[in-house]
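Novice: The structure's right below; bear with me while I get my questions together.
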Amino acid sequence: MTFATATTTIEPFNLSSPTGTDIWRKAPSHNAFNAPTHPSQLPTYDLKVFQRAKLTFALPPADKLRQYDQAGLLLHITKPGVPDNQTKWIKTGIEFYYGKPYVATVGCDAWADWSLTPMPEFTDNSSRPSATIEARREKDALGKSLWIYWIVRDAEGKEIERRPLREINWIFADEEGWSVGIAGYVCRPTKEGGEELLEAEFKEGVEIEVLDYSKTG
């Protein structure tokens with residue numbers, strides 16, 4: 001038996017963040033989870049039905065960005081009885097690091113890790129770093145995982161390349177009872193430079209695809 005899927009799109013939006021905001025958990029004791037999201041109450045699905053989520057967004061011009069400024073897609077993995085400081089999450093988007101924008105992915109099971117991928121096409125610091133990112137459930141002969149892709153588009157918006165950024169294997173290891181909340185997020189961890197808000201534009205909203213058990217094939 002196969003199941004059909006249902007796709008929901010959160011309408012395009014802009015999202016602002018004050019300074020001192022982050023999503024980051026680092027041993028031995030740092031645990032921040034105070035970034036603005038849209039929707040503010042994350043639409044939440046049974047993890048077992050989650051298939052993929054995709055968004056397109058842009059930060060302000062690079063010459064206006066600070067160290068660690070970031071925006072992108074958040075997947076928040078929760079379960080009844082699991083304390084807030086022990087939930088799991090994945091964030092993927094663009095992060096500004098030592099004067100350059102990178103496509104960044106952070107996965108947090110017990111503690112967070114972090115990977116950065118250069119943006120070779122980005123050469124003008126007066127322009128706005130932007131990207132289309134997709135998180136997708138996949139399966140191969142060894143098992144299930146979540147793949148993060150950077151979708152590269154041409155000037156007309158047509159997809160020309162899917163760059164694989166990260167395979168995350170723990171997320172589907174135990175799906176029973178777990179849920180996933182999905183949203184766009186913005187963080188401005190650094191307070192140096194004043195209290196100016198960081199605003200990102202999510203110009204295509206957030207696209208979410210899940211299994212629809214009411215339709216079988």
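Anchor point for the sequence shown: position 123 equals 123 in UniProt numbering, and the numbering is continuous, going up by one each time. The beta carbon of each residue, even a glycine, is placed where N, CA and C say it ideally should be. Bear in mind the structure is a predicted one, so any value in this text is a computation, not a measurement.
Helix, strand or coil: which one does DSSP assign to K203?
Specialist: As a first step, residue 203 must be located in the sequence shown, where it is residue number 203. The answer is coil: DSSP assigns K203 none of H, G, I, E or B.
Novice: Hey, would you say G107 sits closer than 8 Å to I90, going by beta carbons?
Specialist: Locating residue 107 in the sequence shown gives position 107, where the first residue counts as 1. Locating residue 90 in the sequence shown gives position 90, where the first residue counts as 1. For G107 and I90, yes; Cβs fall inside 8 Å.
Novice: Measure the beta-carbon distance from A4 to D212 and round it to whole angstroms, keeping in mind my assumption that it falls under 8 Å.
Specialist: The sequence position of residue 4 within the sequence shown is 4, counting from 1. The sequence position of residue 212 within the sequence shown is 212, counting from 1. Yes, A4 and D212 are in contact; Cβ-Cβ is about 5 Å, under 8 Å.
Novice: According to the neighbour-count rule (16 or more other Cβ atoms, all chains shown, within 10 Å of its Cβ), is A62 buried or exposed?
Specialist: If you number the sequence shown from 1, residue 62 lands on position 62. With 16 or more Cβ atoms within 10 Å of its Cβ, A62 is classed as buried.
Novice: Within a Cβ cutoff of 6 Å, which residues of the same chain sit near T189, ignoring the five residues on either side of it in sequence?
Specialist: Reading the sequence shown from its first residue, position 189 is the one you call residue 189. Here residue 189 is Pro; the residue named in the question, Thr, does not match the sequence. Taken in chain order, the residues that qualify are D22 and Y68.
Novice: May I have the straight-line CA-CA distance separating P83 from D174, to the nearest angstrom?
Specialist: The residue labelled residue 83 in the question sits at position 83 within the sequence shown. The residue labelled residue 174 in the question sits at position 174 within the sequence shown. Roughly 17 Å between the two C-alpha positions.
Novice: Which residues mark the beginning and the end of the beta strand (DSSP E) in which L116 is found?
Specialist: Within the sequence shown, numbered from 1, the residue matching residue 116 stands at position 116. From DSSP, the beta strand (DSSP E) with L116 extends over S115 to P118.
Novice: When you compare only the Cα positions, how much space is there between N85 and D46?
Specialist: The residue you call residue 85 lines up with position 85 of the sequence shown. The residue you call residue 46 lines up with position 46 of the sequence shown. Their Cα atoms are separated by approximately 20 Å.
Novice: Does the contact criterion of 3 or more C-beta pairs under 8 Å hold for the stretch 129-140 versus the stretch 93-107?
Specialist: The stretch 129-140 is in contact with the stretch 93-107.
Novice: Determine the direct distance from the alpha carbon of E201 to that of A155, and round the result to whole angstroms.
Specialist: Looking up residue 155 in the sequence shown gives position 155. Looking up residue 201 in the sequence shown gives position 201. So the two alpha carbons sit approximately 18 Å from each other.
Novice: Thinking C-beta only, is I10 closer than 8 Å to V210?
Specialist: In the sequence shown, counting from the first residue as 1, residue 210 sits at position 210. In the sequence shown, counting from the first residue as 1, residue 10 sits at position 10. Their beta carbons are not under 8 Å apart, which means V210 does not touch I10 by this criterion.
Novice: Check the C-beta distance from E176 over to W147 and give it rounded, since I have them as a contact under 8 Å.
Specialist: On the sequence shown, position 176 is the one that residue 176 refers to. On the sequence shown, position 147 is the one that residue 147 refers to. Not really, about 22 Å apart at Cβ, beyond 8 Å.
Novice: Buried or exposed: R137, going by 16 or more other Cβ atoms within 10 Å of its Cβ?
Specialist: Along the sequence shown, one-based indexing puts residue 137 at 137. Answer is buried; the Cβ neighbour count reaches 16.
Novice: Is it a yes or a no for the stretch 18-32 touching the stretch 111-121, going by three-plus beta-carbon pairs under 8 Å?
Specialist: The answer is yes - the stretch 111-121 touches the stretch 18-32, with three or more Cβ pairs under 8 Å.
Novice: Checking the sheet assignment: what are the DSSP bridge partners for Q70?
Specialist: Locating residue 70 in the sequence shown gives position 70, where the first residue counts as 1. Looking at the DSSP assignment, Q70 forms a beta bridge with E95 and C187.
Novice: What does DSSP give as the partner residues of V103 in its beta bridges?
Specialist: The count along the sequence shown starts at 1 and reaches residue 103 at position 103. Looking at the DSSP assignment, V103 forms a beta bridge with I94 and T117.
Novice: Just grab the DSSP bridge partners of W178 for me.
Specialist: Taking the sequence shown and counting its residues from 1, one reaches residue 178 at position 178. In DSSP, W178 forms no bridge with anything.
Novice: So for N31, helix, strand or coil by DSSP?
Specialist: Counted from its first residue, the sequence shown places residue 31 at position 31. The answer is strand: DSSP assigns N31 an E or B state.
Novice: Going by the DSSP bridge assignment, what does T37 pair with across the sheet?
Specialist: Numbered from 1 along the sequence shown, position 37 holds the residue referred to as residue 37. In the DSSP output, where bridge partners are listed per residue, T37 has Y185.
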